[in-house]
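This report concerns only the one structure given below.
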Amino acid sequence: MAISRNNLLAAALIAPLFAVVVASFIVPLAVTLWTAIGNPEVRETLPRTTAALRGWNGEGLPSEAAFAAVAAELAQAHEAQAIGQLSRRLNFEEAGLRALLLKTARAKDRLSAPYRDALVALDPRWGETSLWQILARNTAALTPLYLLRSLDLSLTPDGKIVAAPADEAIFLALFARTFVISFWVTILCVLIGYPVAYTLSTLSTRWANIGMALVLVPFWTSILVRTTAWFILLQREGPVNALLLGLGVVDAPITMIFTRFAVYIAMVHVLLPFVVLPLYSVMKGINPAYLRAAASLGAPPWKRFIRVYLPLTMPGVAAGGLMVFMLAVGFYITPVLVGGPEDQMVSYFIAFFTNQTINWGMAAALACLLLAMTAILVVVARLIVPGFRLGGVSA
Amino acid sequence: MKTGNGLALTVRTFTAIVLVFLIAPIVVVFPLSLSSGELLTLPTPGYSLRWYDDFFTSSKWLLATRNSFIVGIATAILATFLGTLGALGIFLGRFRGKTFLVAMLATPMVVPVVVTAIALYFAFSFVGLNNTLTGLVLAHTVLSVPYVLITVLATLQTFDRNLLKAAATLGAPPPAAFRRVLLPLIAPGVATGALFAFATSFDELVVAIFIAGPQQFTLPRQMYAGLREFLSPTIASAAVLLIICSLLLLTANEYFRTRGKTRTLPDDPAEPN
Amino acid sequence: MHDPIVTFERVTKSYDGRTLVVEALDLTLARGEFLTLLGPSGSGKTTTLMMLAGFEDPTSGTITLDGKRLNHVPAHRRGIGMVFQNYALFPHMTVAENLVFPLEMHGVPKAEIEPKVKRALDMVRLPQLRDRKPGQLSGGQQQRVAVARALVYGPKLVLMDEPLGALDKQLREELQLEIKHLHDELGVTIVYVTHDQSEALTMSDRIAVFHQGRVQQLATPADLYERPANAFVASFIGENNRFDGTLVGRDGANCRVRLPDGSEIAATIEADLAPGAAVAVSIRPERVAVGAQAQRDNRFVGDLREVIYLGDHCKLRLAVAGNESFVVKVAAGDAATTLDRGSALAVAWDAAACRALPPLA
Ligand SMILES: Nc1ncnc2c1ncn2[C@@H]1O[C@H](COP(=O)(O)OP(=O)(O)O)[C@@H](O)[C@H]1O
Ligand SMILES: [Mg+2]
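Chains as they are written, first to last, in the numbering used here: chain V, 29 to 423; chain R, 22 to 294; chain X, 18 to 378.
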C-alpha cells in the first residue's frame with residue numbers, strides 16, 4: 029500500500045525531532061560505547077610494530093623486525109608528543125610500563141641493530157614474553173579491558189580473565205554502594221511520602237493547595253540550589269548546629285557535612301516530591317465508595333487499609349519508587365557536595381575518569397554499566413507497574 | 022478512610038513536619054543572602070544587600086546570568102518547536118510502533134544525566150562543540166525535548182479528532198484548521214512544555230560541568246564553582262535569585278495548567294438551563 | 018431516478034487489506050431526499066459516510082457528487098456539511114463564532130455574515146445563547162448548534178452520523194422531528210446514520226439497511242416493514258416471528274413451507290427460490306389472531322408461556338410449532354390475557370400476512 033498523505037505529513041513533522049535526538053543523543057551514546065571498547069592507541073601510534081606482530085604466535089619472542097619497529101616508532105611518538113597517551117594506555121594494562129616506554133623512547137640515539145639485543149640490554153623487560161603479549165593483544169581494534177576493570181576483573185598477559193589486584197578492585201563495591209544508597213533513599217522517600225500524599229489527598233481544596241505548593245516549590249527549585257542549602261545548613265558552624273547548640277541538645281557542634289547522613293538527608297529532600305506527586309494523584313483518584321463498601325462489608329479500619337487502600341495505591345508507590353530509584357542511581361552533584369570520599373557514587377567516578385585522570389575508556393565503561401543498570405530498571409518497571417511510561421505513570 | 026483520631030492526628034503532624042523539612046532549607050537561604058556578615062551563619066549579625074551588590078557587580082556572575090538566559094531561551098524555543106511538531110506528527114500519523122517511537126524519543130529522561138553528559142562530551146570533542154554555547158543549547162534541548170513531547174502528546178490525547186473533521190466539512194483547509202482549531206486548543210500544553218524546557222536548562226548543572234568552559238558558565242555552573250572555592254554569601258544571593266526564577270516558572274506553569282483544564286471538551290455536557 | 022446528487026458505484030472499503038468493511042456498494046441518492054443508513058453497530062455505516070465526506074478513500078469503486086468524481090477531492094473542498102454524534106463544536110469559540118467559522122472559510126462577505134448567523138440561530142430557536150461557549154450548553158442545545166453550523170453556509174448535502182445517540186429518549190424524539198422539519202423547509206439533501214429503527218422510520222424518505230458491509234434492502238419505511246427482502250431486514254425492522262423451514266411447493270407468489278416438526282405453513286413469496294430451498298417464514302405479531310378462526314390459512318395451537326402487560330396492549334408469548342417464543346399482540350382487554358400459563362391457545366394467520374424469505378441475502 030502506498031504511503032498515505034497523512035503519514036508523509038507525520039514523517040515530515042517528526043523528522044527534525046528524530047534527527048536531533050539521533051544526532052545529539054543516540055550517536056553520542058554509540059560513541060561512548062565505542063570509547064568503552066575501542067583500542068586505538070597501539071594501532072595508531074605503532075603501526076609498523078602492529079604489522080610486525082601480526083605474524084607472531086605469542087610464544088618466545090617476536091622477530092627482530094618487531095624490535096626494530098618498536099624502537100623507531102617509540103622515538104617518533106616521543107617527538108610527535110603522542111607517547112603520553114600510548115604509555116598511559118599501556119600503563120593501565122600493567123603498572124610500570126609507562127616508565128619503560130618513556131625510557132625506551134628517550135634512548136633512541138643509544139640503540140642500534142640488532143635491536144633485540146639493544147632493547148633487552150636497555151631494559152630486561154623487553155626480553156619478557158608477557159610484555160610482548162600485552163603489546164600484541166593491544167594491536168586489536170577492540171579491548172574488553174575497561175569493561176572487565178569496571179567489574180573488578182583483569183586480563184593476564186596471556187589473555188586469561190582473573191580478579192583484579194585488590195587496590196584496583198574498587199568498582200563492584202562502588203556499584204554496591206550506589207545501589208545501597210539508592211535503595212535506602214527510595215525506601216525513605218516511599219515511607220515518608222506515603223503518609224504525606226495521603227494527608228494531602230484528604231485535605232480540603234484550600235489546605236491541599238497550600239500543602240501541594242510546599243511540595244511543588246522544592247520540586248521546581250534547582251537540585252543545586254537545594255543541595256547548596258543543605259551544604260550551608262549542615263556546616264560545622266552552620267545554622268543546624270547553631271540551633272542544636274542553642275537548644276542545648278548538643279554541647280559541641282556535631283559533624284554532619286561530608287557524611288553519609290548528609291547524603292541521605294539531601295537526597296531524600298531532593299527526591300521526595302517524585303513520590304509524593306504520583307501518589308497524590310493516584311490517591312485523589314480512588315473512589316471513596318470502595319472504602320465505604322469495605323466498611324459496610326464489616327472490615328475494620330486497618331483491614332480496609334491493608335486489603336483495599338494499599339493495593340489500590342500500589343501503582344503509585346511502584347511508579348514513584350522506581351522513578352526515585354532510577355534518578356538516585358545517577359546522582360552526582362549531591363554526594364559530591366555534601367558527602368565524603370566514602371559516599372561517592374558511580375557518577376562521581378565517571379566524572380573523575382573523564383576530567384581528572386583522562387581515562388576515557390574507564391569513564392565510558394562505567395557509563396555503559398550505569399546505563400545497563402538503568403535499562404534493567406526500566407524493563408523491571410514496565411513489567412511490574414501496569415502502564416508505566418518513561419517519565420511517570422500514564423493517566 | 023477514617024481511622025482512629027489519634028492515628029489521624031499523628032499522620033497529620035508527621036505530614037506537617039515533612040512539609041516544613043521540604044520548604045525550610047529553601048526559606049533559610051533568604052536571610053542568609055541578606056546577611057551583613059562574611060559567614061553563612063544564623064542568626065545573621067545584621068542585614069544588608071551587600072551580597073546582591075557583589076552579585077550584580079561581578080563580571081563572572083553577570084556573564085553566568087547572561088549565559089543562563091541565552092541558553093535557557095534558545096533551548097526553550099528549539100525544544101518547544103521540535104517537541105510540538107514531533108507530537109503533532111505522532112498524533113496525526115497512522116502507523117504502528119508509536120509507543121516505541123515515543124519511548125525512544127523520551128529516553129533522555131531516564132538515562133542518568135552523567136551518562137548523557139559524558140556521551141555529549143565525547144561526541145562534541147569530535148565536532149568542536151565543547152566550550153560553545155551552541156553545544157550547551159543542543160545538549161539542553163536533548164534533555165528537555167522529552168518533556169515538551171510528552172506534555173503536548175498528553176494535551177493532544179484530550180483533543181477530539183472530530184474537531185479537525187468538523188473544520189474540514191466546514192470548508193477549512195488543513196492550515197486553517199491547524200491555526201484556528203488545533204493550535205488554540207493545545208496552546209496551554211505547548212506553553213507548559215516550553216516552561217519545562219526553560220526550567221530544565223536553567224537548572225541544569227551536570228552537562229554544563231562537562232561541556233562548558235568558563236566563558237559558557239551558567240548560573241548553576243558558576244554557583245558550583247563558587248561552592249568549591251570558598252563559601253561566600255554571594256552564593257546564597259545567587260541561590261535566592263534562582264529560587265525566585267523557579268517560583269515564577271512554577272506560577273506560570275500552574276496558570277497554564279488550570280487554563281488548559283477549564284477548556285474541557287463538551288463530551289460531558291453541562292446541565293440544561 | 019431523475020435527479021441524482023450522489024452515486025456510489027461498486028464501492029468497497031477495507032482498512033486492513035483483508036476484511037471488507039463495505040462491499041460492492043451501489044447507491045443513488047436523489048436530490049432533496051432524506052436517506053437513512055440503518056444497521057447494527059459495525060455494519061459499515063460510518064465508513065460509508067466517511068468515504069462520502071472525504072475522510073476515507075474507497076479501496077475501489079467511484080463516488081460522484083453532482084456528476085463529478087470525488088476520488089482525491091479533499092474533504093474541505095467537497096462542500097458537504099456534517100453533524101457528529103459528539104457535536105464536535107469548537108470548545109474555544111462561542112456559539113456565534115462557531116457559526117461564523119464556516120462562513121469565513123467559504124469567503125462569505127462580511128456584511129452577509131451576521132444576518133446568516135442570526136437566521137441560523139433563529140432556525141434552531143437558540144438566539145439567546147449566541148455568546149455562550151459550548152461547554153455551557155446542554156447536550157440538546159449543543160446538537161442544535163451543531164445542526165445550525167452544518168447548515169449555515171448552505172451546503173447541498175448534509176451528513177449526520179448518529180447525531181442524537183448521546184441524548185436521552187425524550188430529547189431524541191423532539192430533535193428527530195425538528196431535523197425532519199428543517200429538512201422539509203430547506204430542501205437540503207440529508208444522509209442520516211442510525212442504528213435505531215424507530216428513528217429511521219420516523220425521519221426517512223428511504224432507508225438503506227446495512228448488514229456486514231452490504232446494503233440488504235433500500236426502500237421506503239413502509240416497504241421495508243411490509244415487504245422485507247430477507248430475514249435479516251424482517252427481524253431488524255419491527256417485531257417478527259420467525260420459522261426456519263424448507264420450501265416444498267410454489268405457485269407464483271403462493272407457497273408452502275415445511276417446518277422441522279413436519280407442520281406446513283402457507284405463505285407468500287417474492288424471492289426467486291425453487292422448492293427445496295431453505296427459507297425463513299416471517300409473521301408480524303400484530304397479524305396473528307387468537308382463538309379458533311376457521312377461515313384463516315394457517316392454524317396452530319400454541320402453549321401459552323407468558324402474558325406481558327404493556328398498557329395499551331398485551332403481548333402473549335407462546336410455543337408454536339417448535340418456535341419457543343412466538344409473540345402475539347392483542348388488545349389489553351382480550352380474553353386470552355386472563356388465561357393461565359400452560360393453557361393451550363389457538364392462533365391463526367393468513368398466507369398474505371406471512372412471507373417466506375431467503376434466510377439472508
Ligand atoms: N479506522 C478504522 N480502522 C480499522 N477498522 C475500522 C476503522 N473504522 C472502522 N473500522 C471497522 O470497520 C467496521 C465497520 O465500522 P463502522 O463503519 O464504524 O460501522 P458502523 O458505523 O456501522 O457501526 C467495524 O468492524 C470497525 O471495527
Ligand atoms: Mg458508526
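Even for Gly, the Cβ is constructed at its ideal location relative to N, Cα and C.
Ignore the nearest five residues each way along the sequence and tell me which others in L103/R's own chain have a CB closer than 6 angstroms to its CB.
Cβ neighbours of L103/R within its own chain (closer than 6 angstroms, five residues either side excluded): V166.
I'd like to confirm something about V232/X: is its beta-carbon nearer than 6 angstroms to some heavy atom of ligand 1, or not?
Of the heavy atoms belonging to ligand 1, none sits nearer than 6 angstroms to the Cβ of V232/X.
Answer yes if the region 232 to 240 of chain R comes into contact with the region 189 to 207 of chain R, meaning at least three C-beta pairs across the two stretches below 8 angstroms, and no otherwise.
Short answer: they don't touch.
I want to check one thing, is the minimum distance from the CB of T190/R to the heavy atoms of ligand 2 below 6 angstroms?
Not one heavy atom of ligand 2 is found less than 6 angstroms from the C-beta of T190/R.
At a Cβ cut of 8 angstroms, what residues of the region 173 to 188 of chain R count as close to chain X, listed as they run along the chain?
Here the close residues are D181, N183, L184, K186, A187 and A188.
Could you tell me if D186/V is buried or exposed, where buried requires 16 or more neighbouring beta carbons within 10 angstroms of its beta carbon?
Of the other Cβ atoms in all chains shown, fewer than 16 fall within 10 Å of the Cβ of D186/V; this residue is therefore exposed.
Per DSSP, cross-strand counterpart(s) of I278/V:
This sequence places Val at residue 278/V; Ile is not what is there. According to the DSSP secondary-structure assignment, V278/V is paired through a beta bridge with no residue.
Can you have a look at L394/V and say buried or exposed, based on whether 16 or more other CB atoms are within 10 angstroms of its CB?
Buried is the call here.
Pick from A99/V, T63/V, Y222/V and V50/V: whose alpha carbon is nearest that of F310/V?
The residue you asked about is not Phe; residue 310/V is Val in the sequence shown. It is Y222/V whose Cα lies nearest to the Cα of V310/V.
Where D20/X sits in the DSSP three-state scheme
D20/X falls in the coil class under three-state DSSP.
Would you kindly check if the distance between the Cβ of L146/X and the Cβ of V112/X is under 7 angstroms?
Contact check for V112/X against L146/X passes: the beta carbons are separated by less than 7 angstroms.
Where does W160/V land, buried or exposed, given buried means 16+ other C-beta within 10 angstroms?
Taking all protein chains in view, the Cβ of W160/V is crowded by 16 or more other Cβ atoms within 10 Å, so the residue is classified as buried.
Going by the C-beta, is T76/X closer than 6 angstroms to any heavy atom of ligand 1?
No - ligand 1 has no heavy atom lying nearer than 6 angstroms to the Cβ of T76/X.
Does the Cβ of E69/V have 16 or more other Cβ atoms within 10 Å, making it buried, or fewer, making it exposed?
E69/V is classed as buried because its beta carbon has at least 16 other beta carbons within 10 Å across all chains shown.
With 7 angstroms as the threshold, decide whether the Cβ of M284/V is near any Cβ in chain R.
Output row for M284/V: interface = no.
Grouping DSSP H, G and I as helix and E and B as strand, with all else coil, what is Y209/X?
In the displayed model, Y209/X falls within a strand according to three-state DSSP.
Express the C-alpha separation of R182/R and N35/V in angstroms, rounding to a whole number.
Distance between the alpha carbons of N35/V and R182/R is about 16 angstroms.
Report yes if the CB atom of Y292/V is closer than 7 angstroms to the CB atom of V227/R, and no otherwise.
Inclusion of Y292/V and V227/R in the CB contact set at 7 angstroms is not warranted, their separation being larger than that value.
Using a Cβ cut-off of 7 angstroms, pull out every chain R residue sitting near P119/X, in sequence order please.
What P119/X touches in chain R: L191 and G192.
At 9 angstroms on the CB atoms, spell out the chain V contacts of S258/R, in chain order.
Neighbourhood of S258/R in chain V, by CB distance below 9 angstroms: empty, with the nearest CB roughly 12 angstroms away.
Any contact between the region 333 to 350 of chain X and the region 248 to 265 of chain X? By contact I mean 3 or more CB pairs, one from each, below 8 angstroms.
The region 333 to 350 of chain X vs the region 248 to 265 of chain X: in contact.
For chain X, find out if any of its Cβ atoms is closer than 7 angstroms to the Cβ of V211/R; answer yes or no.
False, the Cβ-Cβ gap to chain X never drops below 7 angstroms.
Beta carbon proximity, L206/R to chain X, threshold 7 angstroms:
Interface residue, yes.
Can you grab the Cα-Cα spacing for the pair F120/V / V59/V, in whole Å?
If you take the alpha carbons of F120/V and V59/V, they lie about 21 angstroms apart.
Assuming S57/R and P66/R are in contact, meaning their beta carbons sit under 8 angstroms apart, how far apart are those beta carbons, in whole angstroms?
Right, the Cβ-Cβ distance comes to about 6 angstroms (below 8 angstroms), so this counts as a contact.
Helix, strand or coil at Y68/R according to DSSP, with G and I counted as helix
The answer is strand: DSSP assigns Y68/R an E or B state.
Reducing DSSP to helix, strand and coil, say where A361/X ends up.
The answer is strand: DSSP assigns A361/X an E or B state.
Which stretch, first to last residue, makes up the alpha helix (DSSP H) that contains S210/V?
Taken as a continuous stretch (DSSP letters only), the alpha helix (DSSP H) holding S210/V covers F199 to T230.
Here's a check: name, in chain order, each residue in its chain whose Cβ is nearer than 7 angstroms to the Cβ of A168/V, leaving out the five neighbours to either side.
Close CB contacts of A168/V within its chain, under the 7 angstroms cut and outside five residues either way in sequence, are with N67 (chain order).
Interface flag, A97/R vs chain V, CB-CB below 7 angstroms
By this cut-off, A97/R is not an interface position.
As assigned by DSSP and simplified to three states, the class of S91/V:
Coil at S91/V, not helix or strand.
Would you say A85/R faces chain V, with C-beta separation under 7 angstroms as the test?
No, no contact with chain V.
Is the shortest distance between the beta-carbon of T132/V and the beta-carbons of chain R less than 7 angstroms?
No, T132/V lies away from the interface with chain R (no Cβ there is under 7 angstroms from its Cβ).
In the DSSP assignment, what are the bridge partners of L174/X?
Beta-bridge annotation (DSSP): L174/X is paired with I97/X and T206/X.
Can D83/X and R48/X be called in contact, C-beta distance under 7 angstroms?
No.
Here's a check: name, in chain order, each residue in its chain whose Cβ is nearer than 7 angstroms to the Cβ of D43/X, leaving out the five neighbours to either side.
Excluding sequence positions up to five before and after D43/X, its CB lies within less than 7 angstroms of the CB of F25, E26 and R27, all in the same chain and listed in chain order.
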